[in-house]
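Using the numbering used here, the first residue of the sequence shown is number 3, and each one after it goes up by one.
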Amino acid sequence: MGGIDNKNELLNDHNKAIQVFNIFLDREDIKKEIEKNFGSKDYLDRISRYLEDSKKILENLDELDDESHLAAWAQVISIKREITEWNFQWEDEKEFIGHLVPITQLAYSLQSILGNINKIKKLKEYEESAKGIINDLNEQKKDLEATISQSKILSDDLKNKKINEIFEDDSESFKKIARRYEISFYMVLAFLFLYFFGWYVEIDTSNFKFKFAEQFHGNHTPTFYIQKISLLILSTTLAAFLLKRSFMNRRLADEAYRTAKELDALPRYMEGMPDEMKEKLRFDLAYKYFGNGIHHNSYTGGENLIHENIKANTEFLKSVKDLSSSNVDKAKSESDQ
3 MGGIDNKNEL
13 LNDHNKAIQV
23 FNIFLDREDI
33 KKEIEKNFGS
43 KDYLDRISRY
53 LEDSKKILEN
63 LDELDDESHL
73 AAWAQVISIK
83 REITEWNFQW
93 EDEKEFIGHL
103 VPITQLAYSL
113 QSILGNINKI
123 KKLKEYEESA
133 KGIINDLNEQ
143 KKDLEATISQ
153 SKILSDDLKN
163 KKINEIFEDD
173 SESFKKIARR
183 YEISFYMVLA
193 FLFLYFFGWY
203 VEIDTSNFKF
213 KFAEQFHGNH
223 TPTFYIQKIS
233 LLILSTTLAA
243 FLLKRSFMNR
253 RLADEAYRTA
263 KELDALPRYM
273 EGMPDEMKEK
283 LRFDLAYKYF
293 GNGIHHNSYT
303 GGENLIHENI
313 KANTEFLKSV
323 KDLSSSNVDK
333 AKSESDQ
């Protein structure tokens with residue numbers, strides 16, 4: 003668009019054309035000649051208005067940055083060169099009519115450019131409006147994606163709800179069992195405390211009588227001590243078993259509670275992950291939760307503890323019995339001598 007660089011020159015030529023029009027608009031003979039040649043009474047007036055409008059275009063040439071103006075500008079520059087060769091001094095005013103056609107073409111070309119400018123302005127307005135609509139659609143898209151994501155999370159929550167409830171129920175059940183073992187443990191401790199400080203239990207019926215050995219009354223025979231020690235071993239074994247079972251059930255309750263919480267948080271943790279990764283994570287968790295991660299030693303340790311303590315108690319009783327038998331035999335031999 004090299005013609006735009008000659009903005010001032012083109013504007014000066016345009017002003018000359020307007021001056022000529024202002025002179026000849028008052029000439030009745032020229033008006034009649036124009037009417038006779040062009041068949042219109044208001045021809046000059048219309049061309050004058052076009053030139054006035056086109057002057058505004060020339061004063062704002064910087065806005066003409068669209069390629070759609072190139073053809074019109076080529077015509078404008080061509081007409082402009084023809085106009086600059088005029089000296090606007092004619093011996094016969096009728097010579098003006100010969101130059102009226104290119105001036106008219108100039109006016110129409112500039113008027114066409116003005117129409118294009120208006121179209122471009124409207125297109126820009128539509129573009130701004132379209133940008134606003136696109137931004138609104140993007141915001142709505144984000145809201146929709148967030149809603150879909152929340153819906154998926156709620157759907158996964160519903161899928162895990164039953165499993166979550168199962169683990170929560172197991173947690174409460176294990177806590178109740180652990181509490182029973184703890185109460186039993188404290189009862190055994192209370193019994194041992196009362197017994198070893200002189201309290202005893204006596205069951206007397208007409209056909210059957212059972213009485214624990216007394217600490218402060220009666221003879222302290224080996225049988226007395228065997229009973230005391232045996233009861234101590236059995237009681238401590240039972241107390242240890244109850245305490246261990248309580249710890250085991252507490253641990254199982256904690257594991258079930260933690261599993262329930264992990265399942266509750268799982269949908270939110272997997273939000274945004276690819277589907278393949280979600281399936282792999284579900285497989286790994288299923289392998290962990292359903293049977294493979296249970297502490298089997300927790301179930302067998304208590305039974306082994308009782309078995310070992312009973313075995314130790316039996317060996318102790320045998321050794322005490324052998325010792326007492328040897329003492330009796332020794333005393334008998336001495337008395338015979």
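Positions of the beta carbon are idealized from the N, C-alpha and C atoms, including for glycine. The model shown is predicted, which means the values in this text are computed figures rather than measured ones.
Following the continuous alpha helix (DSSP H) through residue i, name the residue where it begins and the one where it ends.
i	result
residue 273	Where residue 273 is concerned, there is no enclosing alpha helix (DSSP H), given that its DSSP letter is neither H nor E.
Quick check on residue i: does DSSP put it in helix, strand or coil?
i	result
residue 404	The chain is shown only over 3 to 339; residue 404 falls outside these bounds and no answer can be derived.
residue 128	helix
Can you tell which of the options has the C-alpha that lies nearest to the C-alpha of residue i?
i	options	result
residue 237	184, 129, 146, 191	191
residue 166	279, 283, 258, 284	258
residue 171	262, 247, 154	262
residue 164	266, 245, 141, 278	266
residue 264	288, 131, 189, 276	288
residue 198	132, 179, 169, 234	234
residue 274	249, 231, 154, 133	154
residue 148	129, 130, 277, 270	270
residue 176	277, 247, 285	247
residue 189	146, 242, 125, 141	242
residue 290	232, 260, 278	260
residue 181	253, 268, 284	253
residue 276	230, 151, 140	151
Since residue i and residue j are thought to touch, with beta carbons under 8 Å apart, how far apart are those beta carbons, to the nearest angstrom?
i	j	result
residue 173	residue 255	5 Å
residue 183	residue 244	5 Å
residue 179	residue 251	5 Å
residue 272	residue 280	5 Å
Measuring only between beta-carbons, confirm whether residue i sits less than 9 Å from chain D.
i	result
residue 187	No chain D is part of this structure, which consists of one protein chain only.
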